[in-house]
Amino acid sequence: QQQVRQSPQSLTVWEGGTTVLTCSYEDSTFNYFPWYQQFPGEGPALLISILSVSDKKEDGRFTTFFNKREKKLSLHIIDSQPGDSATYFCAASYTNAYKVIFGKGTHLHVLP
Amino acid sequence: GPKVLQIPSHQIIDMGQMVTLNCDPVSNHLYFYWYKQILGQQMEFLVNFYNGKVMEKSKLFKDQFSVERPDGSYFTLKIQPTALEDSAVYFCASSHRDRERLFFGHGTKLSVL
Numbered sequence: 001q002q003q004v005r006q007s008p009q010s011l012t013v014w015e016g017g018t019t020v021l022t023c024s025y026e027d028s029t030f031n032y033f034p035w036y037q038q039f040p041g042e043g044p045a046l047l048i049s050i051l052s053v054s055d056k057k058e059d060g061r062f063t064t065f066f067n068k069r070e071k072k073l074s075l076h077i078i079d080s081q082p083g084d085s086a087t088y089f090c091a092a093s094y095t096n097a098y099k100v101i102f103g104k105g106t107h108l109h110v111l112p
Numbered sequence: 001g002p003k004v005l006q007i008p009s010h011q012i013i014d015m016g017q018m019v020t021l022n023c024d025p026v027s028n029h030l031y032f033y034w035y036k037q038i039l040g041q042q043m044e045f046l047v048n049f050y051n052g053k054v055m056e057k058s059k060l061f062k063d064q065f066s067v068e069r070p071d072g073s074y075f076t077l078k079i080q081p082t083a084l085e086d087s088a089v090y091f092c093a094s095s096h097r098d099r100e101r102l103f104f105g106h107g108t109k110l111s112v113l
């Protein structure tokens, strides 16, 4: 049973373009949604996160949107750069949880 | 920034042997985690350890698995005995508060032959 679903599985964009990654979840108790970025040979690193009380959070070129009614999130990367090429994980957790549940990830390739 | 160190980076063992994966978490962190990743795919939660106890574990955390952090030293994952399906990259993570920003190590690639 997949609690956090991500799409697409893989995505290729041109440098300078806008990348949109999407995520959906099942459990209504989830209230914390981080996005992690992973480069080959490294562990994931927190990129941006949002709480369910918000519908948008921005950090530089990265913006995450949250739709509580539809149980969906998205990550937008504007002016995508080749250095953004990585795997992006949507994740979810809830208050007093002792775990963060990850989706299967989206492999992003940004071509120069 | 804060770093989590994992030792070794790669471990090759025969099926049935015991293996211990070591993790040196961020110094002031209180919560410790192990995740399993196969072929660069989903990060699967294994276990959370806090205040000397396992707080939560998943179905993947089989009876052959154990964790400990004796006297604030390495946080370890022990698998005894190992099985072929245990081959994966194991990531250690730590956080200051539960579910807050997790800091991951670079992983230990475990190959069970």
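Protein chains in written order, with my numbering: chain A, 1 to 112; chain B, 1 to 113.
Heads up, the beta-carbon is just placed ideally off N, CA and C, and yes, glycines get one too.
Option in the options with minimal Cα separation from residue i
i: G131 of chain A; options: A:Y88, A:P112, A:V110 and A:L111; result: Summary: the structure shown does not reach residue 131 of chain A, with chain A confined to residues 1 through 112, and so no result is reported for it.
i: N22 of chain B; options: B:F61, B:F32, B:F103 and B:P8; result: B:P8
i: Q41 of chain B; options: B:D14, B:V112, B:F91 and B:H29; result: B:F91
i: V13 of chain A; options: A:K99, A:H76 and A:Y98; result: A:H76
i: G105 of chain A; options: B:V4, B:K36, B:M43 and B:Q6; result: B:M43
i: L30 of chain B; options: B:K109, B:S95, B:D86 and B:V67; result: B:S95
i: D71 of chain B; options: B:Q80, B:Q37, B:S27 and B:Q11; result: B:S27
i: D86 of chain B; options: B:R97, B:R101, B:Q64 and B:E68; result: B:Q64
i: E58 of chain A; options: A:S74, A:Y25 and A:E70; result: A:S74
Residue i - DSSP class collapsed to helix/strand/coil
i: L84 of chain B; result: helix
i: D84 of chain A; result: helix
i: D71 of chain B; result: helix
i: S95 of chain B; result: strand
i: N28 of chain B; result: coil
i: E15 of chain A; result: coil
i: D27 of chain A; result: coil
i: A97 of chain A; result: coil
i: H107 of chain A; result: strand
i: N51 of chain B; result: coil
i: F104 of chain B; result: strand
i: I7 of chain B; result: strand
i: R5 of chain A; result: strand
i: L110 of chain B; result: strand
i: Q38 of chain A; result: strand
Beta-carbon neighbours of residue i, restricted to chain A and to distances below 7 Å
i: F32 of chain B; result: Here the premise fails: no neighbours, minimum Cβ distance about 10 Å.
i: H106 of chain B; result: G41, E42 and G43
i: Q11 of chain B; result: None at all; the shortest Cβ gap to chain A is about 16 Å.
i: N48 of chain B; result: Y98 and K99
Where residue i meets chain B, residues with beta-carbon distance less than 8 Å
i: Y32 of chain A; result: R99
Contact set between residue i and chain A, taken where Cβ atoms lie within less than 9 Å
i: E68 of chain B; result: The contacting residues do not exist; E68 of chain B stays about 17 Å from chain A at best.
i: N22 of chain B; result: Here the premise fails: no neighbours, minimum Cβ distance about 15 Å.
Residues that residue i contacts on chain A, provided the C-beta gap is smaller than 8 Å
i: F91 of chain B; result: G43 and P44
i: F45 of chain B; result: K99, V100, I101 and F102
i: G52 of chain B; result: Chain A residues near G52 of chain B: none, gap ~14 Å exceeds 8 Å.
Counterpart residues of residue i in DSSP-defined beta bridges
i: L75 of chain A; result: A:L21 and A:T64
i: V89 of chain B; result: B:Q37 and B:K109
i: M43 of chain B; result: B:Q37
Under 9 Å from the C-beta of residue i: neighbouring residues of chain B
i: G105 of chain A; result: G40, Q41, Q42 and M43
i: T12 of chain A; result: Within 9 Å Cβ-Cβ: nothing; T12 of chain A doesn't reach chain B, min ~17 Å.
Interface partners of residue i on chain B, CB under 7 Å
i: F89 of chain A; result: M43
With a cut-off of 8 Å, do at least 3 Cβ pairs link the region 84-102 of chain A to the region 25-34 of chain A? Counting Cβ pairs under 8 Å, three or more are found: they touch.
Count the CB pairs spanning the region 75-92 of chain B and the region 35-55 of chain B that are closer than 8 Å, and state whether there are at least three. The way I'd put it, the region 75-92 of chain B does touch the region 35-55 of chain B; three or more beta-carbon pairs between them come closer than 8 Å.
Just checking, does the region 105-113 of chain B make contact with the region 34-46 of chain A on the three C-beta pairs under 8 Å criterion? The count of Cβ pairs closer than 8 Å, one atom from the region 105-113 of chain B and one from the region 34-46 of chain A, reaches three, so the stretches are in contact.
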